[in-house]
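This report concerns only the one structure given below.
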Amino acid sequence: RVSTPTLIYHGDEDRRVPMEQSEQLYVALRERNVPVEFVRYPREGHGLGEYHHQLDNLERTVAWFDRYVKGAKAKGRKST
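In our numbering, the protein residues as written are 10 to 89.
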């Protein structure tokens with residue numbers, strides 16, 4: 010059972026992985042109250058080629074790690 014916060018990216022022209030797989034994963038995680046975000050990039054295939062999509066992806070990824078990795082570490086710290 011998945012409980013890890015999950016960030017899903019998908020290019021709407023991806024020919025390797027059907028969009029439906031990402032959509033189904035997103036719905037299943039939401040139904041289980043798992044923190045999940047689904048980002049769909051227009052005109053993109055299996056990778057991101059447009060600069061502004063690459064930048065958006067990087068910013069979202071950093072924010073995600075700040076929230077769920079750094080945030081988790083901060084909660085686990087003991088004050089002295």
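For each residue, glycine too, the CB sits at the ideal point set by N, CA and C.
Under DSSP, Y50 forms a beta bridge with G20.
In the three-state reduction of the DSSP assignment, V78 falls in the helix class, which pools H, G and I. One Cα belongs to E29, the other to K79, and the distance between them is close to 31 angstroms.
A Cβ-Cβ contact shorter than 8 angstroms links V45 with L38. The beta carbon of P51 lies closer than 6 angstroms to those of D21 in the same chain, with the five residues before and after it left out.
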